[in-house]
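So my numbering is basically just the index in the sequence shown, starting at one, shifted up by 20.
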Amino acid sequence: MIKMLHPKAYEALAQIKEEINQSFGFHEGIPRINYGPCGVFAKLFYDKWNALFSDKCHICFILTHTQDECDHVAIRLPSGELYDGGVGVHDENEHIPKFMIENMLNYDEQLLDKWSYGLDRTHQRFCPNFDRALVENIISTKLEALFKSIGSSAQ
Numbered sequence: 021m022i023k024m025l026h027p028k029a030y031e032a033l034a035q036i037k038e039e040i041n042q043s044f045g046f047h048e049g050i051p052r053i054n055y056g057p058c059g060v061f062a063k064l065f066y067d068k069w070n071a072l073f074s075d076k077c078h079i080c081f082i083l084t085h086t087q088d089e090c091d092h093v094a095i096r097l098p099s100g101e102l103y104d105g106g107v108g109v110h111d112e113n114e115h116i117p118k119f120m121i122e123n124m125l126n127y128d129e130q131l132l133d134k135w136s137y138g139l140d141r142t143h144q145r146f147c148p149n150f151d152r153a154l155v156e157n158i159i160s161t162k163l164e165a166l167f168k169s170i171g172s173s174a175q
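Right, here's the structure in full:
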């Protein structure tokens with residue numbers, strides 16, 4: 021059973037997604053943030069969320085069934101739902117059965133770097149205007165406002 025997040029948490033998550041998509045746009049209908057910088061987004065979001073809220077999130081990898089390629093990096097919210105900066109809150113069934121999901125329950129920077137194909141790389145092809153500081157500011161601003169509004173429990 022999914023334990024839903026506070027309604028204001030869903031509002032903040034939607035605001036982050038909207039601001040990210042306004043900043044970086046889309047490529048062939050897919051949010052540019054999900055074309056490479058998704059691992060960086062996940063790391064920044066994970067760090068800020070877990071610093072503020074008692075209900076923790078973790079990072080997960082959307083992998084091919086052969087586990088030799090990562091299609092996407094997302095956040096597993098305390099509710100069990102997935103979240104990323106481009107699509108927003110969504111159900112894991114959007115990825116299954118085409119892909120499998122590996123949950124990183126304990127943070128592992130090397131694993132995140134591996135499946136992000138380098139956390140420090142540039143994203144010239146699909147997200148040429150990617151700006152880590154801007155993403156960090158968007159996440160921090162929205163999550164800090166949420167924390168001030170509802171306190172440390174996001175559920």
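We put the beta carbon where it would ideally sit given N, CA and C, even for glycine.
Own chain residues within Cβ distance below 7 angstroms of residue i, not counting five before or after
i: isoleucine 159; result: Ile36, Leu64, Phe65, Lys68
i: phenylalanine 46; result: Arg52
i: tyrosine 103; result: Leu33, Ala94, Ile95, Leu97, Val109
Endpoints, beta strand (DSSP E) assigned at residue i
i: tyrosine 66; result: Tyrosine 66 -> not in any beta strand (DSSP E); alpha helix (DSSP H) instead, spanning 58–72.
i: glutamine 81; result: Strictly speaking, residue 81 in this sequence is phenylalanine, with glutamine absent from that position. Taken as a continuous stretch (DSSP letters only), the beta strand (DSSP E) holding phenylalanine 81 covers 78–83.
Helix, strand or coil at residue i [DSSP, three-state]
i: tyrosine 103; result: strand
i: asparagine 4; result: The structure shown has nothing for residue 4, since the chain only spans 21 to 175.
i: alanine 34; result: helix
First and last residue of the uninterrupted alpha helix (DSSP H) at residue i
i: phenylalanine 158; result: Correcting the residue type first, residue 158 is isoleucine in the shown sequence and not phenylalanine. Here the alpha helix (DSSP H) through isoleucine 158 covers 152–170.
i: aspartate 133; result: 129–135
Beta-carbon contacts of residue i that lie in its chain and below 8 angstroms, excluding the five residues immediately before and after
i: leucine 154; result: Ser43
i: lysine 28; result: Leu166, Ser169, Ile170
i: isoleucine 40; result: Pro51, Ile53, Phe61, Gly105, Gly106, Val155, Ile158
CB-CB length for residue i against residue j, believed under 8 angstroms
i: leucine 95; j: leucine 132; result: The sequence as given places isoleucine at residue 95; leucine does not occur at that position. Going by Cβ atoms, the distance from isoleucine 95 to leucine 132 rounds to 12 angstroms, so no, they are not a contact pair.
Can you confirm whether the stretch 106–121 touches the stretch 75–85 when touching is taken to mean that 3 or more C-beta pairs between the two stretches lie within less than 8 angstroms? Because the criterion of three Cβ pairs below 8 angstroms is met, the stretch 75–85 and the stretch 106–121 touch.
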